[in-house]
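Trainee: Just so we're aligned, residue 132 is where the sequence shown starts under this note's numbering, counting upward by one. All C-beta atoms in this analysis are idealised placements derived from N, C-alpha and C, irrespective of residue type, glycine included. Note that the coordinates shown come from a computational prediction; the quantities given were computed from them, not determined experimentally.
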Amino acid sequence: MPGEKEHPTDATAKDDRFCSGISVLQNILSASQTYLSGLLNYTDSFYTPYLLATQYFQEAEALRLSENPPADSVEAYLGLLENNIELMARSLSGSARMLEAYTRNEADDLAEALQQTFFEFNPTKLEKFTARQAELLDLVVNVYPKAIEAIEPEYGFHFERGEHARVDETDRFLLYRVAPSLPGVKTNSDAKPVLILPPYVLGANILGFLPGEQRSYAHCFANQGFPTYIRILKEIDTTPALQTMSGEDDALDTQRFCQTILKAHGKRVTLNGYCQGGYNALCNLLSGKLDDLVDAFITCVSPMDGTRSKGLASFLARLPQRFNDLDYGTKTLPNGNQVADGKLMGWVYKLKSIEQEIPAAAFYRDLMMFARQKNGDQPISKTAAALNYWLQNERYDLPLEITRISFAAYNTPITADGTLPVRLFGGKLNLKRLKEKNIPWLICYGTHDDLVEKETALAPLDHVDAEVTPFPKGHVAIATSWSSPQSACALHTRFGEGNYRGPVRYHMDLDAALDETKRQAASASPPQPIAPAPSAAGRAAKKPDRKTTAARKTTPRKTTGAAKKTKKATPATKKKPKAKAKAAPAKTKRTPASRIKRTEPASPRGGK
Numbered sequence: 132m133p134g135e136k137e138h139p140t141d142a143t144a145k146d147d148r149f150c151s152g153i154s155v156l157q158n159i160l161s162a163s164q165t166y167l168s169g170l171l172n173y174t175d176s177f178y179t180p181y182l183l184a185t186q187y188f189q190e191a192e193a194l195r196l197s198e199n200p201p202a203d204s205v206e207a208y209l210g211l212l213e214n215n216i217e218l219m220a221r222s223l224s225g226s227a228r229m230l231e232a233y234t235r236n237e238a239d240d241l242a243e244a245l246q247q248t249f250f251e252f253n254p255t256k257l258e259k260f261t262a263r264q265a266e267l268l269d270l271v272v273n274v275y276p277k278a279i280e281a282i283e284p285e286y287g288f289h290f291e292r293g294e295h296a297r298v299d300e301t302d303r304f305l306l307y308r309v310a311p312s313l314p315g316v317k318t319n320s321d322a323k324p325v326l327i328l329p330p331y332v333l334g335a336n337i338l339g340f341l342p343g344e345q346r347s348y349a350h351c352f353a354n355q356g357f358p359t360y361i362r363i364l365k366e367i368d369t370t371p372a373l374q375t376m377s378g379e380d381d382a383l384d385t386q387r388f389c390q391t392i393l394k395a396h397g398k399r400v401t402l403n404g405y406c407q408g409g410y411n412a413l414c415n416l417l418s419g420k421l422d423d424l425v426d427a428f429i430t431c432v433s434p435m436d437g438t439r440s441k442g443l444a445s446f447l448a449r450l451p452q453r454f455n456d457l458d459y460g461t462k463t464l465p466n467g468n469q470v471a472d473g474k475l476m477g478w479v480y481k482l483k484s485i486e487q488e489i490p491a492a493a494f495y496r497d498l499m500m501f502a503r504q505k506n507g508d509q510p511i512s513k514t515a516a517a518l519n520y521w522l523q524n525e526r527y528d529l530p531l532e533i534t535r536i537s538f539a540a541y542n543t544p545i546t547a548d549g550t551l552p553v554r555l556f557g558g559k560l561n562l563k564r565l566k567e568k569n570i571p572w573l574i575c576y577g578t579h580d581d582l583v584e585k586e587t588a589l590a591p592l593d594h595v596d597a598e599v600t601p602f603p604k605g606h607v608a609i610a611t612s613w614s615s616p617q618s619a620c621a622l623h624t625r626f627g628e629g630n631y632r633g634p635v636r637y638h639m640d641l642d643a644a645l646d647e648t649k650r651q652a653a654s655a656s657p658p659q660p661i662a663p664a665p666s667a668a669g670r671a672a673k674k675p676d677r678k679t680t681a682a683r684k685t686t687p688r689k690t691t692g693a694a695k696k697t698k699k700a701t702p703a704t705k706k707k708p709k710a711k712a713k714a715a716p717a718k719t720k721r722t723p724a725s726r727i728k729r730t731e732p733a734s735p736r737g738g739k
C-alpha cells in the first residue's frame, strides 16, 4: 500500500537483480574481448602460410610472365580468379554452418534466459548464460593453448632422452629401436623385426603419439616384444645431404637399415609405411634393392594413386595447369639448395578442406567441443591436446626430389599394366613384382579418411592381391584412437564383421607362421641323419659282412665302390629297392628346411 515501507526482502531482491545486470554487462564485455582475440589468433595461424605462398608465387611469376605469351597469362589468371572465388564461397559456407551449429546448441539456454529477463525482470539466468559463454571462450582462447603446450613432454618419442637405442645412421636418416613403454616387457631378439617408415611432412612423432597413455602406433609392436625399428629424418635445415636427397638415396638407405636389422635378428624384415612413408616404401620394394631383406609389407592410409582422390586431386585439377607446379612451393635455403616448404604443403591440405579449416569455422568447431560438456568443469583431453600439438608444430620441409615423387603420384595414375609414375635407378616400378617375389601385403585405410580416401589407398588391388583392413574414423585414427590396446579396433587383435587383422596382429601371425614352419621342418627331418664318413665307416666295420671285408682287403678300388653302395642303402636298411623311391619325398620335405636355415639362422626363442 502507498506510504508503507518497502519490505527488506524486496530491496535485497532488487539489489541482487541489479548486481546480476552488472555481471551480465561485465560478462558480455569480457567475452567480446576474448572472442576477438581468439579469432585473430586463429586467423594468424591460417594466413601466415598464405603470406609464404604469396611470396613464392611472386618469385615464380616474375620469371614466367616474361616467358609465356600474354594471352596464356591472362587465361591462367582468370582461371586462378575463378578458383579463388570458389574457395571463398566454400569458406563462407563452412563458417556459416559452424556458427549455425553452435547457435543451435546454445539457443535453448539463451531463450530461457531472455524470457526470464524480459518477462520476470530477473537477469539471473542471463547472468549464468553470459558467464558460461565467457568461460567457454576463455577455455578456447587461453586455457586450451596452454594445455597444448603442456602436453609436449608426453607427446612423441623424445629420442634425445636416450630411451630408444640408436642402431645405425646414414647421411640422411637415423635408425632407432623403439623400447617398450610397458614395464616388464622385454624385446625378444629372436622375433620377427619390423621397420616403420613415417611420413616426411607430418613427421614421426604422430606414430609415438602418447606412449604413457598406451596410445602409440610404434609402441604397439614394441609392447608385444617385437624388435621395432623406426627411420627418423635428420634436421633438414642443417643436413645438406638430406636437402638434395633423391628417391634412389631413400631406397639405398632403407636397404642399409634392413641389412642391419637382418644381421641383428636373423629374420627378414616386415616393412611398414604410414601415409606418405607407405608410398616411398613401395617404391623401394619395387626397385629390387630390398630383395632377400624384406618378406612382408604393411601400409597404413598410404596414397598409392593420388589421381583417385576426391579431395586433393580434385583440388589440384581445378587449378590452372600453369599453377599446378612445385615451383610455387619451393623454398631456397641460405646455402642455395632448394626444398619444398612443409608449412605450405600443410596449408594446401587445409585449402582442400577449407569448409572446416577456415579460421572462423575452426574457431567455432573448438568452441563446440567445449560447449558440449555441460556437466561442469571437465579436464581437457590429452588426446585432443596432443592432436593439436601435432597439427600446430609437426610440419617439416621436404627434399625436392622426394616431393616430386609424391607430386607424380597425385598427377599421373598407375598404368593399366601396374606401372607407377615413378622411376628409380633408371628402371620402371611395376606392382606385379611383389607377386613375383611372393611378398604378402596388408593395406589398412580409414573409412572416413578425407585426406587419403579408400579409393586412393586400395588402387594397387587392380593389379596385385593384398589383404585389406578398414578402420573407422579418419587419417590418424590408427595411430591415435586404435593404438590403445583397450580400443574396439586394437591393432593387435581381430575386429569387425570381417574379422579383420590389425597391423600388429598381422605381424604376430607372420612371426608365428615362421616358427611353425621351422617346427614342421624339424619334425620332418629323419630321426637318424646320415653320419660323417668316419663314423659310417666305423659302423660298417662292426657289421659282420665278411664278403665286404674280404673285398676291401684284396681289391681296394672295388671295395670303395661297394662301400659307397652300402652307405647309400643305409637309410633304407632291410628294405626292398622300392624303399629308394619312398625316400625321395623325404628329401623334398627337407628342402624348405634347408632354405629356412640359409636365410633365417635358427636360434633359441622364448615365448613372448
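On the three-state DSSP scale, how would you describe T401?
Mentor: On the sequence shown, position 270 is the one that residue 401 refers to. It is a strand residue.
Trainee: Should A427 and P324 be called a contact, given that it needs their Cβ atoms to be closer than 8 Å?
Mentor: Numbered from 1 along the sequence shown, position 296 holds the residue referred to as residue 427. Numbered from 1 along the sequence shown, position 193 holds the residue referred to as residue 324. Not a contact, by the Cβ cut-off of 8 Å.
Trainee: Can S312 and G343 be called in contact, C-beta distance under 8 Å?
Mentor: Residue numbering aside, residue 312 sits at position 181 when the sequence shown is read from its first letter. Residue numbering aside, residue 343 sits at position 212 when the sequence shown is read from its first letter. Their beta carbons are under 8 Å apart, which means S312 touches G343 by this criterion.
Trainee: According to DSSP, P530 sits in a beta bridge with which residue or residues?
Mentor: Indexing the sequence shown from 1 puts residue 530 at position 399. Looking at the DSSP assignment, P530 forms a beta bridge with V470.
Trainee: Which runs of the alpha helix (DSSP H) fall wholly inside the region 517-567 and span at least 4 residues, in chain order?
Mentor: 531-542 and 563-567, all fully within the region 517-567.
Trainee: Pick helix, strand or coil for G210, following the three-state DSSP scheme.
Mentor: Locating residue 210 in the sequence shown gives position 79, where the first residue counts as 1. The answer is helix: DSSP assigns G210 an H, G or I state.
Trainee: What did DSSP end up calling D299 once you bin it into helix, strand or coil?
Mentor: Along the sequence shown, read from residue 1 onward, the residue named residue 299 stands at position 168. Note: D299 maps to strand in three-state DSSP.
Trainee: Which one or two residues does DSSP pair with L575 in a beta bridge?
Mentor: Here residue 575 refers to the residue found at position 444 of the sequence shown. A small correction: the amino acid at residue 575 is Cys; Leu does not occupy that position in the sequence shown. Paired residue(s): C431 and T600.
Trainee: Am I right that S165 and L326 are in contact with their C-beta atoms under 8 Å? What's the rounded C-beta distance?
Mentor: Here residue 165 corresponds to residue number 34 of the sequence shown, with the count starting at 1. Here residue 326 corresponds to residue number 195 of the sequence shown, with the count starting at 1. It is worth fixing the name first, because residue 165 is Thr in this sequence and not Ser. About 48 Å; that fails the 8 Å criterion.
Trainee: Nearest by alpha-carbon distance to M229: which of Y527, S484, Y495 and G408 is it?
Mentor: Along the sequence shown, one-based indexing puts residue 229 at 98. The residue among Y527, S484, Y495 and G408 with its C-alpha nearest the C-alpha of M229 is Y495.
Trainee: Measure from the alpha carbon of S176 to the alpha carbon of each residue in S537, I489 and L196, then state which is nearest.
Mentor: Against the sequence shown, residue 176 aligns to sequence position 45. S176 has its Cα closest to that of I489, out of S537, I489 and L196.
Trainee: So, with DSSP's three-state summary, where would you put I282?
Mentor: The residue you call residue 282 lines up with position 151 of the sequence shown. Three-state result, I282: coil.
Trainee: Starting from F494, trace the alpha helix (DSSP H) both ways and give me its first and last residue.
Mentor: Start at 1 with the first residue of the sequence shown, and residue 494 comes out as number 363. Counting along the chain, F494 sits inside the alpha helix (DSSP H) bounded by residues P490 to A502.
Trainee: Comparing alpha-carbon positions, which option in T600, P510, I361 and S612 lies nearest R625?
Mentor: Against the sequence shown, residue 625 aligns to sequence position 494. Checking every option, the nearest Cα to that of R625 belongs to T600.
Trainee: Leaving aside the five residues before and after N455 along the sequence, list all residues of the same chain whose C-beta is less than 6 Å from its C-beta, in chain order.
Mentor: As a first step, residue 455 must be located in the sequence shown, where it is residue number 324. So the list reads L447, once near-sequence residues are dropped.
Trainee: Is it right to say K394 is buried, meaning 16 or more other beta carbons lie within 10 angstroms of its own, or is it exposed?
Mentor: Numbered from 1 along the sequence shown, position 263 holds the residue referred to as residue 394. Flag for K394 reads exposed.
Trainee: Rounded C-beta distance between I536 and G378? I'm assuming under 8 Å.
Mentor: The residue you call residue 536 lines up with position 405 of the sequence shown. The residue you call residue 378 lines up with position 247 of the sequence shown. Right, the Cβ-Cβ distance comes to about 5 Å (below 8 Å), so this counts as a contact.
Trainee: For the beta strand (DSSP E) holding F304, just list the boundary residues, first then last.
Mentor: In the sequence shown, counting from the first residue as 1, residue 304 sits at position 173. Taken as a continuous stretch (DSSP letters only), the beta strand (DSSP E) holding F304 covers F304 to R308.
Trainee: State buried or exposed for I216, treating a residue as buried only when at least 16 other CB atoms are found within 10 Å of its CB.
Mentor: Taking the sequence shown and counting its residues from 1, the one referred to as residue 216 is at position 85. Answer is exposed; the Cβ neighbour count stays below 16.
Trainee: So, is F149 buried or exposed, given that buried needs 16 or more other C-beta atoms within 10 angstroms?
Mentor: Translated into the one-based positions of the sequence shown, residue 149 becomes position 18. Burial call: exposed.
Trainee: How far does the alpha helix (DSSP H) with T385 in it reach, from first residue to last?
Mentor: The count along the sequence shown starts at 1 and reaches residue 385 at position 254. DSSP places T385 in the uninterrupted alpha helix (DSSP H) bounded by G378 to H396.
Trainee: Take the Cβ of T438 as the centre, count every other Cβ of all protein chains shown within 10 Å, and call the residue buried at 16 or more, exposed below.
Mentor: Within the sequence shown, the letter at position 307 stands for residue 438. Under a 10 Å Cβ-count criterion, T438 is classified as buried, with 16 or more other Cβ atoms of the shown protein chains found around its own Cβ.
Trainee: Considering Cα atoms alone, identify which of L475, T385 and E567 is closest to N403.
Mentor: As a first step, residue 403 must be located in the sequence shown, where it is residue number 272. Out of L475, T385 and E567, T385 has the C-alpha closest to the C-alpha of N403.
Trainee: Please state whether DSSP places I327 in a helix, a strand or coil.
Mentor: The count along the sequence shown starts at 1 and reaches residue 327 at position 196. Note: I327 maps to strand in three-state DSSP.
Trainee: Is K441 buried or exposed, if buried means 16 or more other CB atoms sit within 10 Å of its CB?
Mentor: Working through the sequence shown from its first residue, we reach residue 441 at position 310. When all chains shown are included, K441 counts as exposed.
Trainee: Output yes or no for whether 8 Å exceeds the beta carbon distance between V635 and Q355.
Mentor: The count along the sequence shown starts at 1 and reaches residue 635 at position 504. The count along the sequence shown starts at 1 and reaches residue 355 at position 224. Contact flag set, yes.
Trainee: When the Cα of F501 is compared with those of A220, I153, E237 and Y187, which residue comes out closest?
Mentor: Counting from 1 along the sequence shown, the entry for residue 501 is found at position 370. Comparing Cα-Cα distances from F501 to each of A220, I153, E237 and Y187, the minimum goes to E237.
Trainee: For Y348, report the span of its alpha helix (DSSP H) as first-last.
Mentor: Along the sequence shown, one-based indexing puts residue 348 at 217. Here the alpha helix (DSSP H) through Y348 covers Y348 to A353.
Trainee: If distances are taken between C-alpha atoms only, which option among Y286, E283 and V309 comes closest to E294?
Mentor: The residue you call residue 294 lines up with position 163 of the sequence shown. Looking at the Cα atoms, V309 is the closest of the given residues.
Trainee: Where in the region 180-259 do unbroken runs of the alpha helix (DSSP H), each at least 4 residues long, occur, reported from the N-terminal end onward?
Mentor: 201-251
Trainee: Could you compute how far the alpha carbon of T185 sits from the alpha carbon of H606?
Mentor: Along the sequence shown, read from residue 1 onward, the residue named residue 185 stands at position 54. Along the sequence shown, read from residue 1 onward, the residue named residue 606 stands at position 475. Near 29 Å, if we compare the C-alpha coordinates of H606 and T185.
Trainee: Looking at the structure shown, is D426 part of a helix, part of a strand, or coil, going by DSSP?
Mentor: What you label residue 426 is simply residue 295 of the sequence shown in a count that begins at 1. In the structure shown, D426 sits in a strand (DSSP, three-state: E or B).
Trainee: Go ahead and pull the three-state DSSP assignment for I337.
Mentor: Start at 1 with the first residue of the sequence shown, and residue 337 comes out as number 206. In this structure, I337 counts as helix in the three-state DSSP scheme.
Trainee: Could you pull the start and end residues of the beta strand (DSSP E) that T587 belongs to?
Mentor: Taking the sequence shown and counting its residues from 1, one reaches residue 587 at position 456. Counting along the chain, T587 falls outside any beta strand (DSSP E), though it belongs to the alpha helix (DSSP H) covering K585 to A588.
Trainee: DSSP three-state label for T370, please.
Mentor: Residue 370 sits at position 239 when you count from the first residue of the sequence shown. The answer is coil: DSSP assigns T370 none of H, G, I, E or B.
Trainee: Roughly how many angstroms separate the alpha carbons of G740 and P371, rounded to a whole number?
Mentor: Residue 740 is absent from the structure shown; the chain starts at 132 and stops at 739.
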